[in-house]
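Enquirer: So that we are looking at the same thing, I have put the structure below in C-alpha cells.
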Amino acid sequence: MHHDEIQKLKKILIEDNNDETNISRALKEVFKKQKSIIMTICVLELIYESVYLYDIILKRSGVLKFIKNVDNQLYVTVESYRDVVSRIRHYRQIDMKIRDNIIKTLQEEKDKLEADLEVLFGYFVEARYCSDVFNDKLKIFNQNEINISIEEFYDKIKEFVFENEDEKFERIQEVISAIPFALSRKRFFDYMKSGLIHEYAGYEKLLESIFEIEENFYGKLVEGYGDKFAEIANKIDELQTLDLKNAAKDDLDMYLKETILLLSKIQDVREIVYSLIRIVNRLLIFYKSDKKIEDIMHEEPKIKIFFDIYSSIYEERYTKKKVKDFLKMLNENISNWYFELYNYNRLLSDVNYLENEIDTLIDEDILNDIEVLAEYENLMNDDSDEFDDITGDIIEGSIVEDEINNLVSMIDDITKFMNPDYRKVRMRRLLGIIPVPGNFENEFLNYLKSSLEFETTSNVKAAIMESVDKRIKLYKDMKNSKLLYEALLKNVKEGL
Numbered sequence: 001m002h003h004d005e006i007q008k009l010k011k012i013l014i015e016d017n018n019d020e021t022n023i024s025r026a027l028k029e030v031f032k033k034q035k036s037i038i039m040t041i042c043v044l045e046l047i048y049e050s051v052y053l054y055d056i057i058l059k060r061s062g063v064l065k066f067i068k069n070v071d072n073q074l075y076v077t078v079e080s081y082r083d084v085v086s087r088i089r090h091y092r093q094i095d096m097k098i099r100d101n102i103i104k105t106l107q108e109e110k111d112k113l114e115a116d117l118e119v120l121f122g123y124f125v126e127a128r129y130c131s132d133v134f135n136d137k138l139k140i141f142n143q144n145e146i147n148i149s150i151e152e153f154y155d156k157i158k159e160f161v162f163e164n165e166d167e168k169f170e171r172i173q174e175v176i177s178a179i180p181f182a183l184s185r186k187r188f189f190d191y192m193k194s195g196l197i198h199e200y201a202g203y204e205k206l207l208e209s210i211f212e213i214e215e216n217f218y219g220k221l222v223e224g225y226g227d228k229f230a231e232i233a234n235k236i237d238e239l240q241t242l243d244l245k246n247a248a249k250d251d252l253d254m255y256l257k258e259t260i261l262l263l264s265k266i267q268d269v270r271e272i273v274y275s276l277i278r279i280v281n282r283l284l285i286f287y288k289s290d291k292k293i294e295d296i297m298h299e300e301p302k303i304k305i306f307f308d309i310y311s312s313i314y315e316e317r318y319t320k321k322k323v324k325d326f327l328k329m330l331n332e333n334i335s336n337w338y339f340e341l342y343n344y345n346r347l348l349s350d351v352n353y354l355e356n357e358i359d360t361l362i363d364e365d366i367l368n369d370i371e372v373l374a375e376y377e378n379l380m381n382d383d384s385d386e387f388d389d390i391t392g393d394i395i396e397g398s399i400v401e402d403e404i405n406n407l408v409s410m411i412d413d414i415t416k417f418m419n420p421d422y423r424k425v426r427m428r429r430l431l432g433i434i435p436v437p438g439n440f441e442n443e444f445l446n447y448l449k450s451s452l453e454f455e456t457t458s459n460v461k462a463a464i465m466e467s468v469d470k471r472i473k474l475y476k477d478m479k480n481s482k483l484l485y486e487a488l489l490k491n492v493k494e495g496l
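The numbering of the sequence shown is our numbering, which starts it at 1 and goes up by one.
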C-alpha cells in the first residue's frame, strides 16, 4: 500500500542517521501515517463488529428476548448502537464542547459495560461449578469399560506433558484440573503458596494474579454479583442448593442440561457485552481524532463499498451466508491494514536512538503523538487500564508472602463450611490457574495415580480417564482455534 513511502522513510531513519533534524521530521511522518492507518482500521472494525453483533450474535434464537428479560438497561444499550455505522458514515465535524460530551458519555457507557462483563464472569464461574458437580456425580452411572490399562494411560499423560518442554507446566495444569481433587487442605495451600511466590515487578501485577484466583475460585466475590442480572443469580442459587445425596441419574441429567442452557445464555450475553465494548472503544478513537470520514475513505476507498454493503445488510437484503462472506472479506482487509501498521512499527524499531541526541529528536509534538498512539493502542486492544502495571522495582518478598497468606486465609474461610462437592471442584479448578511449583513435575504422576486410587469402581475410573483424554484434545483444539466461547462451552458440556 505504502511501500515507496516506507522505503523513503527507512532511508532517512537508518541510512542518514547523522542528521537529527531529518530523523525528527521522518519520525513525525511515521506517527502521522500510523494515526491515519489506525483510523482506517477503526472504521473497518466498527463495521465488522456492528454486523457481527447485530446480524450474527443477536440473530441466535431467543438471545435478544433473554437480554430484555434479565436486564432492560442492557437491552436499551444494545438497541442504541444498532445503526451506529450509518451515524459514522454521515458524521461531520462538530463543536468541540459537543464532541467532549459525546466522548464523556461513551466513556461512562464503557465503564458500565465493563462492570457488566465482570459480573457476568462471576455468574459464569458459579454456573460452571454447578456443571462440574453434576458431571462428577454422573460419573457414578457411567457404564464405559476401560479399554486401556492404567499404566498405558499414565504413559500417554507423560508423553503429552513432556512433548513440549516450553509448555510443560501449562500441560500439567490442564491435566490436574481434569482429575479428582487429591490433595489435603494443607498440601493444597502449600502448593498454592509455592506456585505464587516469584518475583513481581510491581504490586499491581501481584494483585492482578490474586484477584484472578479469587474470582475464579468464588465468582460471588465479583463486585455487583447478585445485583445485576438477578434472574441469573437466582437460578444459580437454586442449582447450588439442590440436595444431590440420593439424586437419580435422570435428575442429574436434567440438572446438567439446565446448567448448560444457563451457561450458554450467560456466554451469549458476555459475548454481546464484549462486542459492545469493542464498538464503544472504536467510537472513542473516532471522536477523539480530528480525522474526517472523507479523509479515511480517501485512505481506503473500499470503505465506501463496505458502507453500502452494510446498508443492505441493515435493511435485511443479505442472506446469512452472504453476511458471513462479507465478514470474511472485511476481516481480510482489516488484516492487510494491520500488516501495514506493523511495517511502520518496524521502522521505529530500526532507528538507533543511542547514536543521536534524544532531546533533539523528540520534541513536544512527537511526545504528544506517542501519547495519542498509546491511547489508541489500548482502545484497539480493548484493554482496561485497571491494572496498568508500570515497570518498577521488584516488590519485597515479605509483601508477596503476606498477600498470598491473606488469599489462603480467605479461601480457607470460604470453604470451611462449604458443601464438600463444591469445595473439591473449586480447588480442582484452581489447580488449573495457579502456576505449577517448580518441583511439582516430580510429584505429578504420583498425584495422578493417587487421584485415581481414591475411586474404587472401574466405571468411575473409566469416566475420569475419558475426561482427561477429552481435556487433552480440547487443549490442542484451543491452541489452534480462536473460537474461545465455543471451546469454553464444549468444556462445560463434556464435564472437563
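Every residue gets a Cβ at the ideal spot worked out from N, C-alpha and C, and that includes glycine.
Here the structure is a predicted model, which is why all the values come from computation and not from measurement.
1. Measure the C-alpha to C-alpha separation of Ser349 and Gly432 and round it to an integer number of angstroms.
2. By how many angstroms is the C-alpha of Asp253 removed from the C-alpha of Ile260?
3. Return the chain-ordered list of same chain residues with a C-beta closer than 8 Å to the C-beta of Asp385, the five sequence neighbours on each side being excluded.
4. Quick check: what's the CA-CA separation for Asn439 versus Arg270?
5. CA-CA distance, Asn446 and Lys235?
6. Taking its Cβ as the centre, do 16 or more other Cβ atoms sit within 10 Å of Lys139, making it buried, or is it exposed?
7. Flag this pair as yes or no: are the beta carbons of Lys302 and Asn333 separated by less than 8 Å?
8. For Lys479, does the three-state DSSP call read helix, strand or coil?
9. Based on the DSSP output, what are the partners of Tyr225 in its beta bridges?
10. Do the segment 127-141 and the segment 417-431 touch if we need at least three Cβ pairs shorter than 8 Å?
11. Of all the alpha helix (DSSP H) runs that stay within the bounds of the segment 254-308, which reach a length of 4 or more residues?
12. CB-CB under 7 Å to Gln7, same chain, minus the five flanking residues each way: which ones, in chain order?
13. Let's test the definition: count the other Cβ atoms within 10 Å of the Cβ of Thr457 and tell me whether it reaches 16, buried, or not, exposed.
14. Just to confirm my understanding: we take Leu117, look at its own chain, exclude 5 residues before and 5 after, and list those with CB closer than 8 Å. What are they?
15. With a Cβ-Cβ cutoff of 8 Å, do Tyr123 and Ile266 count as a contact?
16. Quick check on Tyr310: buried or exposed, where buried means 16 or more other Cβ atoms within 10 Å of its Cβ?
17. For a test of the three-state rule: what should DSSP assign to Tyr409, helix, strand or coil?
18. Report the option in Asn381, Glu231, Asn281 whose CA atom is closest to the CA atom of Val70.
19. Between the Cα of Lys249 and the Cα atoms of Glu174, Lys461, Ser149, Asn142, which residue gives the shortest distance?
20. Suppose you measure from the CA of Asp111 to the CA of Val30; what does that come to, to the nearest Å?
21. With Val30 as the anchor, note down where its alpha helix (DSSP H) starts and where it stops.
22. Which residue's Cα is closest to the Cα of Glu258: Asn246, Glu238, Ser409, Ile370?
23. Starting from the C-beta of Lys228, find all residues in its chain whose C-beta is less than 7 Å away, skip the five residues before and the five after it, and write them out in chain order.
24. Could you compute how far the alpha carbon of Ser209 sits from the alpha carbon of Val400?
25. Please classify Tyr225: is it buried, with 16 or more other beta-carbons within 10 angstroms of its beta-carbon, or exposed?
26. Would you mind reading off the limits of the alpha helix (DSSP H) that contains Ser80?
27. Can you tell me the Cβ-Cβ gap for Leu430 and Phe169, rounded? I've got them flagged as a contact below 8 Å.
28. Mapping the DSSP letters down to three states, classify Lys245 as helix, strand or coil.
29. Less than 8 Å between the beta carbons of Leu113 and Val351, yes or no?
30. Using DSSP with H/G/I as helix, E/B as strand and the rest coil, what is Ser312?
31. Excluding the 5 residues preceding and the 5 following Met465 in the sequence, name in chain order all residues of the same chain whose CB lies nearer than 6 Å to its CB.
32. Given a threshold of 16 other Cβ atoms within 10 Å of its Cβ, counted over all protein chains shown, does Ile390 qualify as buried or as exposed?
33. Taking the runs of the alpha helix (DSSP H) that are 4 residues or longer, which of them lie wholly in the segment 407-471?
34. Determine the direct distance from the alpha carbon of Gly195 to that of Asn164, and round the result to whole angstroms.
35. State the Cα-Cα distance for the pair Pro180 and Glu453, rounded to the nearest angstrom.
36. Is it right to say Thr105 is buried, meaning 16 or more other beta carbons lie within 10 angstroms of its own, or is it exposed?
Expert: Taking the structure as given:
1. Answer to the nearest angstrom: the Cα atoms are 37 Å apart.
2. So the two alpha carbons sit approximately 11 Å from each other.
3. Low local confidence applies: a pLDDT of 48 at Asp385 is under 50, so the model's placement there is unreliable, with the coordinate-based value given in what follows. Within the same chain, Cβ atoms closer than 8 Å to the Cβ of Asp385 are found at Asn378, the five residues on either side in sequence being excluded.
4. Between Asn439 and Arg270, the C-alpha separation is close to 38 Å.
5. If you take the alpha carbons of Asn446 and Lys235, they lie about 39 Å apart.
6. By the 10 Å Cβ count, Lys139 comes out buried.
7. Taking 8 Å as the Cβ cut-off, Lys302 and Asn333 qualify as a contacting pair.
8. Helix, per DSSP.
9. Per DSSP, Lys228.
10. Yes, since at least three Cβ pairs between the segment 127-141 and the segment 417-431 fall closer than 8 Å, the two stretches touch.
11. You should have 293-299.
12. Here Gln7 has no same chain residue with a Cβ atom under 7 Å from its own Cβ, once five neighbours each way along the sequence are excluded.
13. Counting C-beta atoms within 10 angstroms of its own C-beta, Thr457 has fewer than 16 neighbours from the protein chains shown and is therefore classed as exposed.
14. If we look at Leu117 and ignore the five residues flanking it on each side, its Cβ neighbours are Arg270, Val273, Tyr274, Ile277.
15. Remark: C-beta atoms of Tyr123 and Ile266 approach each other more closely than 8 Å.
16. By the neighbour-count rule (16 or more Cβ atoms within 10 Å), Tyr310 is buried.
17. The residue asked about is misnamed: residue 409 is Ser in this sequence, not Tyr. In the structure shown, Ser409 sits in a helix (DSSP, three-state: H, G or I).
18. When only C-alpha atoms are compared, the closest one is Glu231.
19. Ranking Glu174, Lys461, Ser149, Asn142 by CA distance to the CA of Lys249 puts Asn142 first.
20. Answer to the nearest angstrom: the Cα atoms are 32 Å apart.
21. Note, Val30: alpha helix (DSSP H), 20-55.
22. Nearest in C-alpha terms to Glu258, of all of Asn246, Glu238, Ser409, Ile370, is Glu238.
23. Answer for Lys228: Asp71, Asp116, Val119, listed in chain order.
24. A straight-line Cα-Cα distance of about 11 Å links Ser209 and Val400.
25. Burial call: buried.
26. Here the alpha helix (DSSP H) through Ser80 covers 72-80.
27. Actually they do not touch by this definition, with Cβ atoms about 15 Å apart.
28. DSSP places Lys245 outside both helix and strand once states are collapsed to three, so it counts as coil.
29. Remark: C-beta atoms of Leu113 and Val351 do not approach each other more closely than 8 Å.
30. Of the three classes helix, strand and coil, the one that applies to Ser312 here is helix, per DSSP.
31. In its chain, beyond the 5 residues on either side, Phe153 have a beta carbon closer than 6 Å to the beta carbon of Met465.
32. Any answer about Ile390 is weak, because its pLDDT of 48 lies below 50 and its placement is not dependable; what the coordinates show is given next. With fewer than 16 other Cβ atoms within 10 Å, it is exposed.
33. Those alpha helix (DSSP H) runs which fall completely within the segment 407-471 and span 4+ residues are 420-431, 444-453.
34. The straight-line gap separating the alpha-carbon atoms of Asn164 and Gly195 is approximately 20 Å.
35. In a straight line, the C-alpha of Pro180 is about 10 Å away from that of Glu453.
36. Exposed, because fewer than 16 other Cβ atoms sit within 10 Å of the Cβ of Thr105.
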